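Here is the structure we will look at, set down as structure tokens.
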Amino acid sequence: MKLDIVTIFPRMVEIVRHEGIVARALESGLVDLATHDLRDFTADRHRVVDDVPYGGGPGMVLKPEPLFRAVETIRRTRGEPSAIVLMSPQGQRFDHAAARRLARLPHVVVLCGRYEGVDERVREHLATEELSIGDYVLTGGELPALVVLDAVIRLRPGAVGDAQSIEHDSFVRGLLDHPHYTRPPRLDGLGVPEVLQSGNHGAIRRWRTREALRRTIERRPELLASVQLDDEERELLRELIEEQEEGATTHVEHH
Ligand code: SAH
Numbered sequence: 000m001k002l003d004i005v006t007i008f009p010r011m012v013e014i015v016r017h018e019g020i021v022a023r024a025l026e027s028g029l030v031d032l033a034t035h036d037l038r039d040f041t042a043d044r045h046r047v048v049d050d051v052p053y054g055g056g057p058g059m060v061l062k063p064e065p066l067f068r069a070v071e072t073i074r075r076t077r078g079e080p081s082a083i084v085l086m087s088p089q090g091q092r093f094d095h096a097a098a099r100r101l102a103r104l105p106h107v108v109v110l111c112g113r114y115e116g117v118d119e120r121v122r123e124h125l126a127t128e129e130l131s132i133g134d135y136v137l138t139g140g141e142l143p144a145l146v147v148l149d150a151v152i153r154l155r156p157g158a159v160g161d162a163q164s165i166e167h168d169s170f171v172r173g174l175l176d177h178p179h180y181t182r183p184p185r186l187d188g189l190g191v192p193e194v195l196q197s198g199n200h201g202a203i204r205r206w207r208t209r210e211a212l213r214r215t216i217e218r219r220p221e222l223l224a225s226v227q228l229d230d231e232e233r234e235l236l237r238e239l240i241e242e243q244e245e246g247a248t249t250h251v252e253h254h
């Protein structure tokens, strides 16, 4: 997969080459990341990327020509992209489904805005889609681009060592993940659920399914509407709901 990121701060993006799963995926060639300094696509001596807004008002706007030229160069040197994503708080909300969709594409270009944003013609005639990472405004599209890059890369086959570890992640099936524990078995009197130490794989799997369902009902009940549950899960869900209704749920919180 090819990923091209266009930014006025390439160093902010390049940090992903140094640490963790993403760095390994890039090093192994699983994903071919290229960052492009928007200033390299300016035509003037001062390499100016922004200009004052038409109509007046505060702030600056990213000029359109360098962005168009950057994408033109990417087309020529890296091939025709499958998607040109403009990071924008006004875009569609980035979620697991969007990450999965992008992870299947062979070539994605990401454009990072700055200042008041980018000239509208970039949105209309250059970008193929706009993505937002949430309802808040950041100073630039670099952190959002990194969020997208990270979520997409970890879904690429081979990026995460144990593919199974992804399957249970929150949102993959539409349920939140179950709780996780590691050693020590007692931490100043705080224990680990017996069943996890029982070695009984059936019981462990059932406990995890139950706790994933419990988390989901408690925190994100709306997610349940779009999950296909199997027979066992439906039964566990029924039990959990009954428990809740009886008020029998003694909120087991592990502080
Ligand atoms: N005036 C714009 C915000 C500009 S913020 C507005 O109100 O819509 C500057 C740049 O940061 C944006 O062009 C975008 O690329 C990026 N950005 C800021 N918040 C973002 C978010 N929540 N998701 C994705 N990109 C964001």
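By numbering that gives the first Met the number 0, the letter at position 253 of the sequence shown is numbered 252, and the numbering carries on one by one without gaps.
We put the beta carbon where it would ideally sit given N, CA and C, even for glycine.
Since we're looking at a predicted model, the values are computed, not measured.
- Distance from the CA of G90 to the CA of A202, rounded to the nearest whole angstrom, comes to 44 Å.
- Ranking A96, A126, T72, L66 by CA distance to the CA of L85 puts A126 first.
- Under the DSSP definition of a beta bridge, I83 partners with V108.
- In this structure, the beta-carbon distance from H35 to V12 does not fall below 7 Å.
- For A33, the pairing in a beta bridge is given by DSSP as D3.
- DSSP, read as helix, strand or coil, puts D149 in helix.
- Taking P63 as the centre and dropping the five residues before and after it, the same chain places the C-beta of D118, R120, V121 closer than 6 Å to its C-beta, in chain order.
- With a 10 Å radius around the Cβ and a threshold of 16 neighbouring Cβ atoms, R233 comes out exposed.
- In this structure, D3 and V108 form a Cβ contact; the two beta carbons are roughly 5 Å apart against a cut-off of 8 Å.
- Among the bridge pairs identified by DSSP, D49 is matched with L61.
- The three-state reading of DSSP puts R172 in coil, since its state is none of H, G, I, E or B.
- The continuous stretches of beta strand (DSSP E) do not include S164, which lies in the alpha helix (DSSP H) extending over residues 162 to 166.
- Residue state for E141 is assigned as helix, using DSSP reduced to three classes.
- Across the structure, P65 and E79 are spaced so that their CA atoms are roughly 18 Å apart.
- Inclusion of D176 and S169 in the CB contact set at 7 Å is warranted, their separation being smaller than that value.
- For Q227, the three-state secondary structure derived from DSSP is coil.
- If the five residues before and after V47 are omitted, its C-beta is found closer than 8 Å to the C-beta atoms of T41, K62, all from its own chain and listed in chain order.
- As a beta-bridge residue in DSSP terms, E128 pairs with V84.
- Relative to the Cα of G173, the nearest Cα in the group R219, P183, V159 belongs to R219.
- DSSP places V136 outside any alpha helix (DSSP H), giving it a letter other than H or E.
- Per DSSP, T215 is one residue of the alpha helix (DSSP H) stretching across 200 to 218.
- Inter-residue distance for D49 and V60 is about 5 Å (C-alpha atoms, whole angstroms).
- Around A24, the same chain offers V30, I152, R155, A158 as residues with beta carbons nearer than 7 Å, after the five sequence neighbours per side are excluded.
- L239 and R205 do not touch by the CB rule: their CB atoms are close to 12 Å apart, not below 8 Å.
- With respect to the 7 Å criterion, V146 and I132 are classified as neighbours on the basis of their beta carbons.
- Ranking V171, P192, D187, G55 by CA distance to the CA of Y180 puts P192 first.
- Our two residues, R213 and P178, have alpha carbons roughly 10 Å apart in a direct line.
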